[in-house]
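Protein chains: 2
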Amino acid sequence: MPAFAPFRSVARPGVLLAAGALLLAGAPVWADAGAGTADVAWPLVSDLTTQVGPRLAGSPAEARARDWAAQRLRTLGFAHVAIEPFTIRAYRRGTDRAELVGTAAQPLAVVALGYSGATDEAGITAPLAYFPTLAALEAAPAGSLAGKIAFIDHAMAPTQDGSGYGPYGSVRRKGPGLAASKGALAVVIRSVGTDHHRNPHTGVTSWPQGMTPIPAGALANPDADQIARLVAGGSALTLHLTLTGQTVDGAPSGNVVADLPGRDPSLPMVLVACHLDSWDQGTGAIDDGVGCAIVTAAALRVQAQGKPLRTIRVLYAGSEELGGFGGAAYAQRHGKEAHALAMESDFGADRVWKVVTNFAPASDAVKGQLVAALNPLGIVSQEGEVEGGTDVGPIIKAQHLPVVDLAQDGMHYFDLHHTPDDTLDKIDPARLEQNVAAWTRTLAIVANEKAPITAR
Amino acid sequence: MPAFAPFRSVARPGVLLAAGALLLAGAPVWADAGAGTADVAWPLVSDLTTQVGPRLAGSPAEARARDWAAQRLRTLGFAHVAIEPFTIRAYRRGTDRAELVGTAAQPLAVVALGYSGATDEAGITAPLAYFPTLAALEAAPAGSLAGKIAFIDHAMAPTQDGSGYGPYGSVRRKGPGLAASKGALAVVIRSVGTDHHRNPHTGVTSWPQGMTPIPAGALANPDADQIARLVAGGSALTLHLTLTGQTVDGAPSGNVVADLPGRDPSLPMVLVACHLDSWDQGTGAIDDGVGCAIVTAAALRVQAQGKPLRTIRVLYAGSEELGGFGGAAYAQRHGKEAHALAMESDFGADRVWKVVTNFAPASDAVKGQLVAALNPLGIVSQEGEVEGGTDVGPIIKAQHLPVVDLAQDGMHYFDLHHTPDDTLDKIDPARLEQNVAAWTRTLAIVANEKAPITAR
């Protein structure tokens with residue numbers, strides 16, 4: 001697995017050397033002076049994912065993560081460290097189980113989607129109706145799924161820019177509601193993922209206003225392959241499905257916010273974000289513990305080079321995975337504070353390959369500085385729309401902020417995304433260091449820019 | 001994942017082309033004339049793992065597999081197809097669950113080992129005693145594990161010849177009994193595996209005569225990493241462990257035996273074997289559905305080249321995983337029939353890289369023919385002890401048989417071995433074809449050799 005070289009030796013007792021140190025010793029071209037990956041980024045993501053572990057939105061574990069993060073940020077020298085609570089509609093996982101019964105009887109690896117409807121502990125048993133695509137399900141007549149469990153297949157493949165998550169992700173986001181609207185008892189989908197492991201990909205789904213949710217799960221890709229082969233061979237399949245998780249209102253969540261004050265507190269600040277919650281199956285290493293590690297380490301490195309002109313604020317958003325609650329809460333609470341620019345790291349731990357901004361022509365000179373600083377790290381500049389991100393999206397929209405997207409390589413992101421396999425060993429310290437270096441160079445420029453940067 | 005190029009497209013409805021056909025169209029050097037991987041080997045392992053799925057020793061699924069196999073062998077033109085029943089001590093999986101409680105509270109991916117003792121549904125909670133190696137556990141004082149759950153770590157790494165499975169595998173085979181002998185309440189081990197997925201490796205353990213089994217499980221490698229990091233950081237850990245599976249006596253199992261009769265039935269036959277049972281987590285594609293596919297396809301290809309002099313018998317052994325019951329039953333039932341040579345395929349689906357025989361000097365000429373035939377397939381000849389294999393071991397021993405080991409590359413075998421990830425998509429049709437070619441060339445020589453081949 002070249003893309004996710006595992007670092008098990010790091011994990012062994014007696015081998016306490018932080019992996020990033022190996023790199024700094026080798027002094028790659030991007031090893032800018034500063035606190036360093038070994039000192040901040042690696043321990044941050046290692047400790048968060050090991051000592052706290054999974055951090056489901058609205059769970060006690062997410063609350064522990066907030067306390068842990070606030071303490072870590074204070075230890076690292078951040079000012080104004082605050083936990084900012086809010087409540088959410090949460091999903092609490094129950095028993096997830098699926099098996100073919102009758103023909104080709106066998107267990108299947110399944111996970112419930114966030115906000116799934118629930119079966120009871122005995123589960124439900126029904127014929128499976130196979131749809132090769134979401135479009136095929138859309139074409140099914142009204143009422144035609146009565147008494148059936150829909151299965152929605154698709155053909156997602158890896159892309160460097162992650163663009164498959166839009167169209168293929170709609171199978172997860174829209175498929176369940178669509179199946180329910182046609183009378184389905186329940187729905188299972190092929191995992192929205194590009195790996196070949198028995199680790200199904202969860203993620204949130206949504207239901208049209210007023211619709212009663214039906215049980216909705218995702219099968220691991222090898223299990224979806226089984227179904228596809230059996231259907232292709234002419235088998236009529238029957239599924240026994242048990243998904244007992246519950247949706248609950250008023251669950252406690254919150255953001256963690258902290259500042260590195262700049263030399264001129266009167267200037268609008270630079271906001272850098274990640275999200276602190278994770279899906280519950282893995283430990284949220286690449287999604288998105290590593291994002292918090294990257295933005296935190298880079299902010300500290302910029303400060304280590306000399307206090308920057310503008311304040312850099314870090315936002316560890318809560319409850320991103322269930323629909324961006326943390327980003328919305330941040331914009332609501334801090335919408336009257338002046339922001340200069342916003343950025344987010346939430347696409348894994350692979351290297352930054354592309355920079356995109358939404359700068360207006362008046363800020364061409366700043367963009368030129370960024371491109372010149374990032375190019376030696378193997379990063380190309382491209383035109384196009386910026387992503388921003390779920391956690392900074394609301395404040396970007398409210399204040400029409402400039403954005404710098406440091407786009408990470410997504411060729412392997414959807415191998416791990418929302419699976420039990422999202423664990424620390426999947427982070428390559430060399431690629432983590434390249435991320436921190438790219439963020440450091442970017443923040444060093446924008447946080448020291450005296451003139452306003454303007455969005456087009 | 002270069003080693004296990006997945007072939008999802010094969011699985012999709014409408015893409016019914018057997019993957020091997022792609023190769024035969026390309027006519028690699030080893031595409032000997034005959035039935036071909038696309039016609040026999042790929043469909044055999046695909047259908048077995050898809051239509052039957054997991055085939056735990058002594059289970060109803062294993063019985064379905066015997067019926068399936070007998071029917072397939074008849075369809076393929078084998079003679080004397082027989083199901084030969086026997087009974088075994090079986091293991092029936094229950095609930096497998098583990099979680100750290102208190103410090104670093106989080107769920108861990110665990111699987112019970114075969115013949116594990118059982119907890120009740122509520123599980124047990126106890127402090128974890130960490131042992132970095134089996135030797136460290138051996139050095140623990142008698143009684144020192146009273147009231148504790150032992151955790152045994154190790155440092156298995158991949159080897160081409162699979163030789164790590166001996167020493168590191170002893171953690172699974174001997175560790176539980178050793179921990180029990182020192183008073184442990186239960187034991188968990190780092191999976192005997194070389195991957196980095198949340199898929200723990202099961203496998204059989206054993207208990208010294210007269211000892212009451214204690215609950216014994218394996219953690220996935222990323223979970224073992226968590227424990228190792230926490231212990232290295234000084235944390236005292238508490239584990240809640242639930243393993244409710246049961247050992248039962250008198251469970252039905254059996255072998256499937258079938259012949260391709262040779263031109264001279266008076267000559268001793270050539271025996272080729274695989275095992276039909278699999279662990280229950282995966283679908284037993286590489287362990288060992290593919291072995292049955294390889295030996296069956298090769299035997300048919302030899303026949304397609306002209307009826308061989310000697311009968312070729314295929315043995316699909318039952319209940320290999322729980323201790324070689326099928327091989328023992330075969331030797332007992334067929335020990336008076338004359339065998340010329342025995343071979344087994346049970347080390348996955350990667351390419352054959354090495355041939356080893358136990359031929360006496362009198363059979364040097366035959367060995368020379370084998371080496372000359374196999375060398376163009378990238379296979380080297382080495383001296384050394386032969387493995388034979390669990391399913392043919394008893395008859396080899398009883399009749400002092402010559403053996404040809406066609407050793408497969410094991411660099412990635414223990415990524416998948418005994419995990420949920422042992423599924424069809426992990427088989428590379430090109431490597432499967434190389435296996436069938438190597439077996440075909442080997443069988444063509446030994447089944448047409450008139451003189452006895454003698455073992456040293």
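Those protein sequences? They're chains A and B, same order as listed.
Residue numbering for the first sequence follows full-length UniProt numbering, starting at 1 and increasing by one per position.
Residue numbering for the second sequence follows full-length UniProt numbering, starting at 1 and increasing by one per position.
Glycine residues also receive a C-beta, built at the ideal position from the N, C-alpha and C atoms.
As the structure is a prediction and not an experimental result, all values here were calculated from the model.
Listed in chain order, the beta strand (DSSP E) runs fully inside the segment 148-192 of chain B are 149-152, 186-190, counting runs of at least 3 residues. As DSSP reads the structure, residue 127 of chain B sits in a beta bridge with B/238.
Going by DSSP, residue 445 of chain A is part of the alpha helix (DSSP H) stretching over 429-446. Under the 8 angstroms Cβ criterion, the segment 93-108 of chain B does not count as touching the segment 325-343 of chain B, having fewer than three qualifying pairs. In this structure, the CA atom of residue 156 of chain A is about 44 angstroms from the CA atom of residue 392 of chain B. The Cβ atoms of residue 66 of chain B and residue 256 of chain B lie closer than 7 angstroms to each other. Residue 421 of chain B has a beta carbon lying within less than 7 angstroms of a beta carbon in chain A. In the DSSP assignment, residue 219 of chain B falls outside any alpha helix (DSSP H) and lies within the beta strand (DSSP E) extending over 216-219. For the C-beta of residue 425 of chain A, the chain B residues within less than 8 angstroms are, from N- to C-terminus, 196, 221, 222, 225. Classified as exposed, residue 375 of chain A has fewer than 16 neighbouring CB atoms from the shown chains inside 10 Å of its CB. A Cβ of chain B is located within less than 7 angstroms of the beta carbon of residue 53 of chain A. When 8 angstroms is used as the limit between beta carbons, residue 46 of chain A is near these residues of chain B: 229, in chain order. Going by DSSP, residue 78 of chain A is part of no alpha helix (DSSP H) at all; its letter is neither H nor E.
Cα atoms of residue 346 of chain A and residue 52 of chain A: separation of roughly 19 angstroms, rounded to the nearest angstrom.
Scanning chain B for C-beta atoms nearer than 7 angstroms to the C-beta of residue 106 of chain A yields 53, 54, reported in chain order. Nearest to residue 76 of chain B by C-alpha distance, out of B/161, B/299, B/266, B/450, is B/299. According to the DSSP assignment, residue 353 of chain B belongs to the beta strand (DSSP E) that extends over 352-357. Distance check between residue 228 of chain A and each of A/100, A/319, A/301, A/270 places A/100 closest, using alpha-carbon atoms only.
When DSSP states are grouped into helix, strand and coil, residue 71 of chain B belongs to the helix group.
Within 10 angstroms of the beta-carbon of residue 431 of chain A lie 16 or more other beta-carbons, which makes it buried. Closest in C-alpha terms to residue 398 of chain A, from the list A/334, A/423, A/353, comes A/334. When the alpha-carbon of residue 278 of chain A is set against those of A/267, A/253, A/264, the nearest one is in A/253. Under the Cβ criterion (8 angstroms, minimum of three pairs), the segment 347-358 of chain B counts as touching the segment 401-419 of chain B. Close to residue 199 of chain B, with beta-carbon spacing below 9 angstroms, are these residues of chain A in chain order: 197, 198, 199, 420, 421. In the structure shown, the three-state DSSP call for residue 422 of chain A is coil. Looking at the DSSP output, residue 84 of chain B bridges to B/255.
Taking the Cβ atoms as the reference, residue 68 of chain A lies roughly 18 angstroms from residue 294 of chain A, outside the contact range of under 8 angstroms. Judged by DSSP secondary structure, residue 275 of chain B falls within the beta strand (DSSP E) whose first and last residues are 269-275. The Cβ neighbour count for residue 450 of chain B, taken over all protein chains shown within 10 Å, is under 16; the residue is labelled exposed. The DSSP-derived three-state label of residue 377 of chain A is helix. The straight-line gap separating the alpha-carbon atoms of residue 311 of chain A and residue 111 of chain B is approximately 50 angstroms.
Closer than 7 angstroms to the CB of residue 50 of chain A there is at least one CB belonging to chain B. Judged by DSSP in its simplified three-state form, residue 115 of chain A adopts coil rather than helix or strand. At a C-beta separation below 9 angstroms, residue 109 of chain A has these neighbours in chain B: 420. DSSP places residue 106 of chain A in the strand class (E or B) of the three-state scheme.
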